[in-house]
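Under this note's numbering, the first residue of the sequence shown is numbered -7, with each subsequent residue one higher.
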Amino acid sequence: MINSAENKELLIDQCIFGYSDGHRLLSCSFNIPEKIISLLLPISDMAPGIMNLDNDGYISGLPIPTIKKYALIRTWPAYEMKRPGCVWSHVLFIPFELFSSINNLATLNKYFNKPAGNLSKYSEKITPFYHDIQDNYKISQGKVSDIIECVYDKNTRNNIIDTPTLANIENEIFAFWSHQWPKLRRSFSFTFTGVVDRQTLKITDKNDIIFHLTEGQLNEGKLNSQKNKSKWISTLSQDMMKEQPSELRNYLWNYGKYINGGRRKL
-7 MINSAENKEL LIDQCIFGYS DGHRLLSCSF NIPEKIISLL LPISDMAPGI
43 MNLDNDGYIS GLPIPTIKKY ALIRTWPAYE MKRPGCVWSH VLFIPFELFS
93 SINNLATLNK YFNKPAGNLS KYSEKITPFY HDIQDNYKIS QGKVSDIIEC
143 VYDKNTRNNI IDTPTLANIE NEIFAFWSHQ WPKLRRSFSF TFTGVVDRQT
193 LKITDKNDII FHLTEGQLNE GKLNSQKNKS KWISTLSQDM MKEQPSELRN
243 YLWNYGKYIN GGRRKL
């Protein structure tokens, strides 16, 4: 839930990227610095190696500390364009302060709008509406466990998780992200890719996790199974599947704000 009394002045800025003589920023609700445009250009374009993009697209996210906002991005295919591979990317700039007031971060999905005609609406700020998510989202404990292991387990070899479809992991991303306390929420970064090569490996240091689209074929090792998972991973994944904040989550929220070093201290 978003506390309207505390955050009534916290508006969400937005922008839209798309094709116009190249992939570029088309509309924005604030005077966005050139450095941030340069940062978002490659992230808002089609992810490397993804050939067939579902109509629902995919999400990615990263913090932008210089403006104290988090960029949550949804990218859709722009099949109406004559040029192959064109996409639309809607960026929501979430104020860091909002992360302490939103119970289920999946509610942010409500603000995404795929372009249809006039782009002027993307030049307006978004006023958050205050409600809890009512939808019954299906969450796989195995997939949540994979994310936990990938992000928190110091023994994990890399931060890449295979997924057969782009939408196949989205609910689990939000479940994991929502469970984090505010300081971790606003520093969490993730993206998608269709290929794992040297170029992809360069971005592993810039993201907490990278989801690799495998076109329906999962590599051995990450099979969304609870087998061979540490007990703490199983306990944490079960807690993340609860609809309402649990005692464990409340405990982490209360004491997490005093922890310096982020998830490295877990």
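Think of the CB as a built atom: it goes at the ideal place given N, C-alpha and C, for glycine as much as any other residue. As the structure is a prediction and not an experimental result, all values here were calculated from the model.
Check the Cβ-Cβ distances between Asp48 and every residue of chain B, and say whether any is below 8 Å. In the displayed structure, chain B is absent; only one protein chain is listed.
Residue of Asn160, Leu111, Ile118 and Val143 minimising C-alpha distance to Ser19: The sequence position of residue 19 within the sequence shown is 27, counting from 1. Checking every option, the nearest Cα to that of Ser19 belongs to Leu111.
Looking at the secondary structure, which residues open and close the alpha helix (DSSP H) in which Tyr227 lies? Translated into positions along the sequence shown, residue 227 becomes position 235. Note that residue 227 is Thr in the sequence shown here, rather than Tyr. Where Thr227 is concerned, the enclosing alpha helix (DSSP H) stretches over Lys223 to Met232.
Looking at Arg177: is its Cβ nearer than 8 Å to the Cβ of Phe104? As a first step, residue 177 is located in the sequence shown; it is residue number 185 there, counting from the start. As a first step, residue 104 is located in the sequence shown; it is residue number 112 there, counting from the start. No, the Cβ-Cβ distance between Arg177 and Phe104 is not below 8 Å.
Within 8 Å, strictly: CB atoms of Gly49 and Arg75: On the sequence shown, position 57 is the one that residue 49 refers to. On the sequence shown, position 83 is the one that residue 75 refers to. The answer is no: Cβ separation not under 8 Å.
Can you tell me where the alpha helix (DSSP H) with Gly109 in it begins and where it stops? Counted from its first residue, the sequence shown places residue 109 at position 117. Run containing Gly109: none; DSSP gives neither H nor E here.
How about Ser179 and Pro55: do their beta carbons lie closer than 8 Å? By 1-based counting over the sequence shown, the position of residue 179 is 187. By 1-based counting over the sequence shown, the position of residue 55 is 63. Yes, the pair counts as a contact, with Cβ atoms nearer than the cut-off.
In the DSSP assignment, find the alpha helix (DSSP H) that holds Cys142 and state where it starts and stops. The residue given as residue 142 occupies position 150 in the sequence shown. Start and end: Gln133 to Tyr144.
Around the Cβ of Gly109, are there at least 16 other Cβ atoms within 10 angstroms (buried) or fewer (exposed)? The sequence position of residue 109 within the sequence shown is 117, counting from 1. Label assigned to Gly109: exposed.
Using only the alpha-carbon positions, how far apart do His204 and Gly186 sit? Here residue 204 refers to the residue found at position 212 when the sequence shown is read from its first residue. Here residue 186 refers to the residue found at position 194 when the sequence shown is read from its first residue. Going from the Cα of His204 to the Cα of Gly186 covers about 6 Å.
Beta-carbon proximity list for Ser201, same chain, < 6 Å, skipping 5 on both sides: Walking along the sequence shown from the start, residue 201 turns up at place 209. Note on residue identity: the sequence assigns Ile, not Ser, to residue 201. These residues qualify, in order along the chain: Cys142, Val143, Asn151 and Phe182.
Terminal residues of the alpha helix (DSSP H) in which Ile29 lies: Locating residue 29 in the sequence shown gives position 37, counting from the first residue. From DSSP, the alpha helix (DSSP H) with Ile29 extends over Glu26 to Ser36.
Euclidean distance between Cα positions of Asp37 and Leu64: Numbered from 1 along the sequence shown, position 45 holds the residue referred to as residue 37. Numbered from 1 along the sequence shown, position 72 holds the residue referred to as residue 64. Near 14 Å, if we compare the C-alpha coordinates of Leu64 and Asp37.
Extent of the continuous beta strand (DSSP E) to which Pro55 belongs: Taking the first residue of the sequence shown as position 1, residue 55 is located at position 63. Its beta strand (DSSP E) spans residues Tyr50 to Ile56.
Measure the CB-CB distance between Phe88 and Ile4 and report whether it falls below 8 Å. Residue numbering aside, residue 88 sits at position 96 when the sequence shown is read from its first letter. Residue numbering aside, residue 4 sits at position 12 when the sequence shown is read from its first letter. Taking 8 Å as the Cβ cut-off, Phe88 and Ile4 do not qualify as a contacting pair.
Using DSSP bridges, identify the partner residues of Tyr114. Mapped onto the sequence shown, residue 114 falls at position 122. Tyr114 is not bridged to any residue.
Could you tell me if Gln236 is buried or exposed, where buried requires 16 or more neighbouring beta carbons within 10 angstroms of its beta carbon? Position 244 of the sequence shown, counting from 1, holds the residue named residue 236. Result: exposed.
To the nearest angstrom, how far is the alpha carbon of Asn216 from that of Ile225? The sequence position of residue 216 within the sequence shown is 224, counting from 1. The sequence position of residue 225 within the sequence shown is 233, counting from 1. Note that Asn216 scores 48 on pLDDT, short of 50, meaning its location in the model is unreliable; the coordinates nonetheless yield the value given after this. Distance between the alpha carbons of Asn216 and Ile225: 13 Å.
Rounded C-beta distance between Ser229 and Ser137? I'm assuming under 8 Å. By one-based count along the sequence shown, residue 229 stands at place 237. By one-based count along the sequence shown, residue 137 stands at place 145. Confirmed, Cβ separation roughly 4 Å.
Counterpart residues of Gly10 in DSSP-defined beta bridges: For the purposes of this step, residue 10 is identified with residue 18 of the sequence shown, where counting begins at 1. DSSP lists Arg16 as partners of Gly10.
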